[in-house]
Ligand code: URA
């Protein structure tokens with residue numbers, strides 16, 4: 003059936019509810035190029051202001067999922083689970099998590115993206131490993147899932163193609179920050195990926211998409227509802243992003259830190275969050291009898307990591323790229339580090355070359371920020387606190403500008419708990 007795009011726009015503009023057949027038509031027609039950007043821009047702005055009710059959102063998300071292929075992983079003969087993070091600074095949990103969960107008997111099919119703005123992309127991080135490639139054919143993807151149990155690779159063109167067009171349009175029309183549009187964008191891709199269980203890590207704080215815990219909770223609830231409605235067991239953790247996670251933000255530095263976790267070490271907050279997410283993924287896949295901490299301790303997770311990297315052409319033993327220049331920032335006072343602002347650290351890492359401004363830009367594997375102490379730890383005036391890594395020393399002054407006011411000792415900032423909330427379908 004064909005509709006008039008103007009009627010669809012007017013209905014939403016005036017606060018009405020769109021009918022299921024209107025939603026299916028407009029998503030499909032836009033994906034095929036039969037409705038132009040200017041009309042869908044107007045519709046997105048109307049959705050931004052008027053929202054979508056639960057029924058509209060379920061149909062909208064389903065239409066986006068159905069714009070491409072929904073993978074069927076049932077032939078694997080093993081439970082499957084995946085994790086999605088809404089994005090944060092130093093958030094490298096996918097890297098240790100995928101091999102860890104696979105080592106516990108649950109396959110992890112992770113189709114991932116590149117970073118844009120101040121939060122890094124998983125593929126950018128992994129590409130700092132010499133030889134590693136993000137693109138796999140369908141046959142390679144399935145073989146690796148069967149033989150290794152974990153894959154992190156680039157999403158193909160057929161994964162929710164409606165989202166690719168809609169996201170690009172939202173990016174240039176000021177309509178990114180809308181809970182129904184974010185939720186449908188993320189969940190259409192995750193549902194299409196075909197995993198049986200999904201854990202969402204919804205970040206909150208300065209370095210996150212959603213700065214306020216209540217908005218993050220609402221996004222989490224919305225996404226959990228969409229996942230469950232599509233038959234995917236879905237749980238969300240709302241987690242802290244007022245400070246960066248772990249001790250490093252960038253590409254190679256985050257891979258190095260992930261390998262430390264897989265070797266049984268690593269920063270306490272990163273280990274805690276990785277294990278919390280692993281437990282949720284295992285429980286969602288029906289394996290809550292397994293303790294993932296054992297697989298970290300006894301080296302099984304590291305074995306899967308090495309096989310996962312090797313299967314995609316990477317050399318897990320090759321030295322990671324190191325920066326041409328390092329610049330040290332010292333602690334301003336003696337006391338407890340009470341502030342290390344996630345957004346500021348993310349912008350600094352980005353300005354040092356770790357991230358991109360436009361999606362075609364290259365990223366530097368060696369650029370990033372490493373910190374010697376985390377929030378809540380003691381520091382001494384003058385001790386090295388932050389280390390800025392870059393290939394281009396001219397980038398350092400702008401990175402330092404981003405860090406102005408980002409560090410606080412004995413201030414009255416109250417850090418968020420690492421895990422603020424756990425949201426399940428009610
Ligand atoms: N990530 C997505 O995939 N989509 C959004 O809309 C926001 C973050």
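Residue numbers (the numbering used here): 3 to 428.
C-beta: ideal position from N, C-alpha, C; glycine also.
As the structure is a computational prediction, the values presented were derived from the model and not from experiment.
Three-state class that DSSP yields for residue 380 in the structure shown = Residue 380 falls in the strand class under three-state DSSP.
request  = Find the nearest neighbour of residue 143 within the set 313, 423 and 369, judged by alpha-carbon distance.
outcome  = Looking only at 313, 423 and 369, the smallest Cα-Cα distance to residue 143 is reached by 313.
task = Have a look at 229, 106, 235 and 329 and flag the residue whose alpha-carbon is nearest the alpha-carbon of residue 296.
result = The shortest CA-to-CA distance from residue 296 to any of 229, 106, 235 and 329 is the one to 106.
ask   = Could you give the C-beta distance for residue 85 and residue 203, rounded to a whole number, given that I count them as a contact under 8 Å?
value = 6 Å
query = Who are the Cβ neighbours of residue 431 in its own chain at under 7 Å, not counting the five residues just before and after it?
reply = The chain is shown from 3 up to 428; residue 431 falls before or after that span and cannot be answered.
ask   = For the putative contact between residue 303 and residue 111, defined by C-beta atoms under 8 Å, what is the C-beta separation to the nearest angstrom?
value = At roughly 17 Å, the Cβ-Cβ gap does not stay under 8 Å, so residue 303 and residue 111 are not in contact.
ask   = According to DSSP, what are the bridge partners of residue 390?
value = 329 and 371
task = Evaluate residue 271 with the Cβ neighbour count: other Cβ atoms within 10 Å of its Cβ, from every protein chain shown; 16 or more gives buried, anything less gives exposed.
result = Label assigned to residue 271: buried.
task = With DSSP collapsed to three states, give me the class of residue 73.
result = coil
request  = Return helix, strand or coil for residue 28, following the three-state DSSP convention.
outcome  = helix
query = Quick one: does the C-beta of residue 187 sit closer than 6 Å to a heavy atom of the ligand URA?
reply = yes
message = Taking 7 Å as the threshold (C-beta atoms), are residue 91 and residue 348 in contact?
response = yes
query = Apart from the five residues just before and just after residue 134, which ones in its own chain have a Cβ nearer than 7 Å to its Cβ?
reply = Excluding residues within five positions, the ones whose Cβ falls inside 7 Å are 128, 311, 314, 315 and 316.
key: Distance between residue 345 and residue 159 (C-alpha atoms, nearest Å)   = 31 Å
task = Give the DSSP bridge partners of residue 315, in chain order.
result = In the DSSP output, where bridge partners are listed per residue, residue 315 has none listed.
message = On a Cα-Cα basis, can you pick out the residue from 277, 299, 290 and 62 that is closest to residue 430?
response = The question about residue 430 has no answer, for the chain in this structure spans 3 to 428.
Contact test: residue 184 Cβ vs the ligand URA heavy atom, cutoff 6 Å = Indeed, a heavy atom of the ligand URA lies less than 6 Å from the Cβ.
request  = Report the rounded CA-to-CA distance for residue 60 versus residue 228, giving the unit in angstroms.
outcome  = 6 Å
ask   = In terms of DSSP beta bridges, what is residue 112 paired with?
value = 154
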